[in-house]
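Enquirer: Below: one structure in structure tokens.
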Amino acid sequence: MATGEKDFDDPLNQQHRPRRLTPRECARLMGFEAPGEAKFRIPVSDTQAYRQFGNSVVVPVFAAVAKLLEPKIKQAVALRQQEAQHGRRSR
């Protein structure tokens with residue numbers, strides 16, 4: 001067994017372990033709060049906050065993807081409207 005598994009609570013082992021991120025740090029990594037902005041309110045327990053941030057998407061990445069898709073969505077909407085005006089059925 002590795003030292004970390006056998007002697008988990010050993011002080012020598014613990015001093016080299018990285019610290020756990022706080023829920024606020026997780027929120028910032030996921031794009032929910034930027035330094036200098038109003039604080040993002042986390043009204044749940046730390047455990048629940050870790051779960052929720054772990055199940056979320058990175059907000060700036062989602063915004064960038066949505067911006068890239070916007071012209072194609074507008075194009076598809078315009079095509080459907082054009083087909084509807086000409087009496088064609090869309091598939």
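In full-length UniProt numbering, the protein residues as written are 1 to 91.
In this text, a Cβ means the ideal position worked out from N, Cα and C, and glycines have one as well.
Are Gly36 and Val58 touching if we call contact CB-CB under 7 angstroms?
Expert: Not closer than 7 angstroms, so no.
Enquirer: Per DSSP, what kind of secondary structure is residue 99 in: helix, strand or coil?
Expert: For the chain, the structure presents residues 1 to 91; residue 99 sits outside this window and is missing.
Enquirer: Taking DSSP as the reference, what is the three-state secondary structure of Asn55?
Expert: Looking at Asn55 - three-state DSSP - the assignment turns out to be coil, as it is neither helix nor strand.
Enquirer: Around the Cβ of Phe53, are there at least 16 other Cβ atoms within 10 angstroms (buried) or fewer (exposed)?
Expert: Flag for Phe53 reads buried.
Enquirer: In the DSSP assignment, find the unbroken alpha helix (DSSP H) run with Pro18 in it and report its ends.
Expert: Neither: Pro18 is in no alpha helix (DSSP H) and is coded neither H nor E.
Enquirer: My output table needs one value for Ala76: the three-state DSSP class, helix, strand or coil.
Expert: Reduced to three states, the DSSP call for Ala76 is helix.
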